[in-house]
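Below is one structure, written out as structure tokens; comments come after it.
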Amino acid sequence: MFRVFRHKHKYTLKLMHAATNAVGLVFTLLAALAVLINHNQSNIPNYYSMHSWVGLLAVSLYLLQAIISIAAFLLNAVSNPTKAFLLPFHIYFGHVIFVLGIAAAISGINEKAIFKLGDEYSKLGNEAVLLNFTGILFILFGIIVVYISTNIHYKRYPRPEDNQLLDRSTAAQ
């Protein structure tokens, strides 16, 4: 958000960032719940594969990041020096969580392909090609997002109004 819409008011970007992540977190938790319900109804063990371990780590860090970030950056519950201290960790772990999510998705695609297609997977039929191509698209998406979010040319530079209180009265500008 902050790099793509870098000319927008900071408070608006904070709300967009928080809303996007909140929706993502809700969908992630609903998906995890659906998997648990399906596994339990089908007598499939939970949390045994690399896919599930990476996914669990990603979701756990996502929840922790959300709690800390809402308090620190959205609700302004900490001082500005504390925010300045937390921001590099927030950015770093945002990237870590994103990359873990990509890794979980790719390993999940691979796991599903092996379980569903079995020996047919190695014959690279249409379904195997589609699954592999989907994995490649996840990788390309990850590369693009990490590039934009780390490249200095996309950095959002502070605007004069950023020094004002980040309240709704100045957000519309």
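Take 1 as the starting number for the sequence shown in the UniProt record's numbering and just add one per residue.
Even glycine gets a Cβ: it sits at the ideal position worked out from N, Cα and C.
Keep in mind the model is a prediction, meaning the values are calculated, not measured.
Beta-carbon proximity of residue i to residue j, cut-off 8 Å
i: I106; j: F138; result: yes
i: A128; j: A113; result: yes
i: I109; j: L131; result: yes
i: L36; j: N46; result: yes
First and last residue of the uninterrupted alpha helix (DSSP H) at residue i
i: L15; result: K10 to Q41
i: G55; result: M50 to S69
i: residue 176; result: Past the boundaries of the shown model lies residue 176; the chain is included only from 1 to 173, so the question cannot be answered.
i: I148; result: N126 to T150
Nonlocal neighbours in the same chain, by C-beta distance under 8 Å from residue i, ignoring five residues either side
i: L57; result: L100
i: V4; result: I148 and Y154
i: T134; result: I109
i: T150; result: H95
Neighbourhood of residue i by C-beta distance below 6 Å, restricted to the same chain and skipping five residues each side
i: G55; result: A104
i: E120; result: none
i: I86; result: Reading off the sequence, residue 86 comes out as Leu, not Ile. Closer than 6 Å at Cβ, skipping near neighbours: A72.
i: L124; result: none
Anticipated Cβ contact below 8 Å, residue i with residue j, distance rounded
i: E161; j: H7; result: Not confirmed; about 12 Å, so no contact.
i: H51; j: E111; result: 5 Å
i: V146; j: H95; result: 6 Å
i: F2; j: R159; result: With a Cβ gap of about 12 Å, F2 and R159 do not count as contacting.
Cβ of residue i within 8 Å of any chain B Cβ
i: L13; result: Of the protein chains in the structure, only one exists, and it is not chain B.
Same chain only: Cβ atoms within 7 Å of residue i, ignoring 5 sequence neighbours per side
i: L13; result: M1, F2 and F5
i: F93; result: L61 and Q65
i: T170; result: Low confidence applies here, because T170 scores a pLDDT of 45, under 50, leaving its location unreliable; read the following figure in that light. Excluding sequence neighbours, T170 sits near H9, Y11, E161 and Q164.
Check: When the Cβ atoms of the region 60 to 78 are set against those of the region 9 to 24, are three or more pairs found closer than 8 Å?
Finding: Flag = yes, the region 60 to 78 and the region 9 to 24 touch.
Notebook entry, point to check: Touching or not, the region 53 to 66 and the region 27 to 35, by the rule of three or more beta carbon pairs under 8 Å?
Noted result: Verdict: yes, contact present.
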